[in-house]
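Colleague: Can you keep this structure in mind? I'll have questions shortly.
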C-alpha cells in the first residue's frame, strides 16, 4: 500500500537522497575543498607525532642492533589523506625475510637461487619480539593510557593541536618468488609481512603502492589523488544515508579509483563534478564485469583487491559506487 511505503526506511532514504542533491555549482565548490590534502597545521601535528615515535624507538638499542628500519606508509605517505584525517601509519621492519613461493617454485629452488641463510630468530619470534619492544618503548614515552595494542598495529593516541594519532605496524620483509618472463629465472617481488596476534599472515607492498600512485598522479595531470580525496570526503558525507559507506575503508577507496583508466580523468571539458561522476561511472562498469573479482588488483599491482584474504567484498564496493552516484544526483 502507498501509505505503508511512505513510512518505510527505503522511502526516507530516497527523500534524504533527493534533499541532498546539490546544484552543480554547489558540488564544484564543495569538491574544490574536499580535494585538498591536510592543512599546514595538520601536517605539523602529523610530523610531530612521527618524530616522537622515532625518538621513542631510538631509546632501545635493540632496534639498531637488529637493523630495524622505520618508514612511513598509508594515506599520509601516499598523499591521499584528507583534511580532518590527521593521522599517520608507520611500519617498523625487522630484517628477517618471510619467503613465499609462486606457482611452480619450490622452496629448495628458491633458497638455492637466492642464497638465503637461516636467520638467528624465526619470523614468528622476530615478530613477537618486535611487537613487545615497540609496545614497551611507546608506553614509556606516551604512557600506558595513550597506547592501545591491537591485533595488527599499536596505536598511539594523539593530542588535539599537538600530535596526531599514530598506528605503528610491526612487520618483517617479504620476498615473493615467482617465475620471470624467462622460466629459467626467478623474480623477487619485495614487500612486507605482518603476523597479527590472531589470524593468518598479511602481505603488503607499500613501496609499489607509493610509486604506482605517483605515476598515476602524473599520468592523470595531477587529478588522481584529488579524486581520491573527494571520494573519501563524499563517503563520510553520505554515510548516514547510505550505511555501506561505513564499510568502505580509506585504502579500498584509493584502490577503487586507481582501477579507472587515466583518460577518464583527463577530459578537459569536465569540471570537478563531471570528472568525479565520469570516474565513478566508469568504475561502476569495471566492477560490474564478471571477471572483476579475479582481475582487479590493489594499487601495488601485485595483490588481488577482492577475495577471502580481504576484509571487504566486491558486492560492497559495487553498492558503494552505485550509492555515491545516486548521492551526486543526475
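In the numbering used here, the protein residues as written are 16 to 345.
Glycine included, each C-beta is placed from N, C-alpha and C at the ideal position.
It should be emphasised that the depicted structure is a prediction, and the values quoted were computed from it without experimental measurement.
1) Given that a residue counts as buried once 16 or more other Cβ atoms are within 10 Å of its Cβ, and exposed if not, what is residue 135?
2) In chain order, what residues of the same chain lie with their CB nearer than 6 Å to the CB of residue 251, ignoring the 5 residues before and after it?
3) Inspect the beta-carbon positions of residue 265 and residue 90 and report whether they are closer than 7 Å.
4) In chain order, what residues of the same chain have a beta carbon less than 6 Å from the beta carbon of residue 193, not counting five sequence neighbours either side?
5) Just the Cα atoms here: how many angstroms apart are residue 322 and residue 328?
6) Between which two residues does the beta strand (DSSP E) holding residue 248 run?
7) Could I get the ranges of all uninterrupted alpha helix (DSSP H) runs contained in the stretch 66-129, with 4 residues as the minimum, in chain order?
8) Roughly how many whole angstroms lie between the Cα atoms of residue 123 and residue 191?
9) Put residue 204 into one of helix, strand or coil per three-state DSSP.
10) Could you give the first and the last residue of the continuous alpha helix (DSSP H) run that contains residue 336?
11) Could you check the C-alpha separation between residue 86 and residue 185 for me, to the nearest Å?
12) Should residue 269 and residue 95 be called a contact, given that it needs their Cβ atoms to be closer than 7 Å?
13) In this structure, what does DSSP give as the bridge partners for residue 185?
14) For residue 288 and residue 164, I'd like the C-alpha separation in whole angstroms.
15) Does residue 309 come out as helix, strand or coil in the three-state DSSP assignment?
16) Restricting to Cα atoms, I'd like to know which of 255, 103 and 115 is closest to residue 178.
17) I need the straight-line Cα distance from residue 174 to residue 238, nearest angstrom please.
18) Return the residue from the list 153, 128 and 130 that minimises the CA-CA distance to residue 74.
19) Taking the DSSP output, what are the residues bridged to residue 180?
20) Return the residue from the list 326, 319, 344 and 324 that minimises the CA-CA distance to residue 296.
21) Under 6 Å Cβ to Cβ from residue 216, same chain only, skipping five residues before and after it: list those, please.
22) Exposed or buried, residue 273, counting other C-beta atoms within 10 Å across all chains shown (16 or more means buried)?
23) Going by the DSSP bridge assignment, what does residue 222 pair with across the sheet?
24) Name, in chain order, the residues that DSSP records as bridge partners for residue 170.
25) Tell me the residue span of the alpha helix (DSSP H) that contains residue 236.
Modeller: A quick look at the data gives this:
1) By 1-based counting over the chain shown, the position of residue 135 is 120. Label assigned to residue 135: exposed.
2) Your numbering for residue 251 matches position 236 in the chain shown. Around residue 251: no qualifying Cβ.
3) One-based indexing of the chain shown puts residue 265 at position 250. One-based indexing of the chain shown puts residue 90 at position 75. Contact: yes.
4) As a first step, residue 193 must be located in the chain shown, where it is residue number 178. Only 117 and 202 meet the Cβ criterion.
5) Within the chain shown, the letter at position 307 stands for residue 322. Within the chain shown, the letter at position 313 stands for residue 328. So the alpha carbons of these two residues sit roughly 7 Å apart.
6) Along the chain shown, one-based indexing puts residue 248 at 233. Segment 239-253 is the alpha helix (DSSP H) holding residue 248; no beta strand (DSSP E) there.
7) 76-80, 89-92 and 122-129
8) For the purposes of this step, residue 123 is taken as the residue at position 108 of the chain shown. For the purposes of this step, residue 191 is taken as the residue at position 176 of the chain shown. For residue 123 and residue 191, the distance between alpha carbons rounds to 14 Å.
9) Translated into positions along the chain shown, residue 204 becomes position 189. Three-state DSSP puts residue 204 in a strand.
10) The residue given as residue 336 occupies position 321 in the chain shown. Start and end: 329-343.
11) Within the chain shown, residue 86 is the residue found at index 71, counting from 1. Within the chain shown, residue 185 is the residue found at index 170, counting from 1. If I take the Cα positions, the gap works out to 11 Å.
12) Here the question's residue 269 lines up with position 254 in the chain shown. Here the question's residue 95 lines up with position 80 in the chain shown. Contact flag set, yes.
13) Along the chain shown, read from residue 1 onward, the residue named residue 185 stands at position 170. Paired residues: 107.
14) Stepping through the chain shown from its first residue, residue 288 is reached at position 273. Stepping through the chain shown from its first residue, residue 164 is reached at position 149. The straight-line gap from Cα to Cα measures roughly 41 Å.
15) As a first step, residue 309 must be located in the chain shown, where it is residue number 294. Correct three-state label for residue 309: helix.
16) In the chain shown, the residue the question calls residue 178 occupies position 163. Measuring from the Cα of residue 178, the nearest candidate turns out to be 103.
17) Within the chain shown, the letter at position 159 stands for residue 174. Within the chain shown, the letter at position 223 stands for residue 238. Spanning the two alpha carbons is a distance of roughly 32 Å.
18) As a working note, residue 74 is residue 59 in the chain shown. Comparing Cα-Cα distances from residue 74 to each of 153, 128 and 130, the minimum goes to 153.
19) Taking the chain shown and counting its residues from 1, one reaches residue 180 at position 165. Residue 180 pairs with 102.
20) Here residue 296 refers to the residue found at position 281 when the chain shown is read from its first residue. The shortest Cα separation from residue 296 among 326, 319, 344 and 324 belongs to 344.
21) For this step, residue 216 is matched to residue 201 along the chain shown. Within the same chain, residue 216 has close Cβ partners 208 and 210.
22) By one-based count along the chain shown, residue 273 stands at place 258. It counts as buried.
23) Sequence index remark: in the chain shown, residue 222 carries index 207 (1-based). Answer by DSSP bridge pairing: none, since residue 222 is not bridged.
24) Here residue 170 refers to the residue found at position 155 when the chain shown is read from its first residue. Note: residue 170 sits in a beta bridge opposite 163 and 182.
25) In the chain shown, the residue the question calls residue 236 occupies position 221. Element bounds for residue 236: n/a, residue is neither H nor E.
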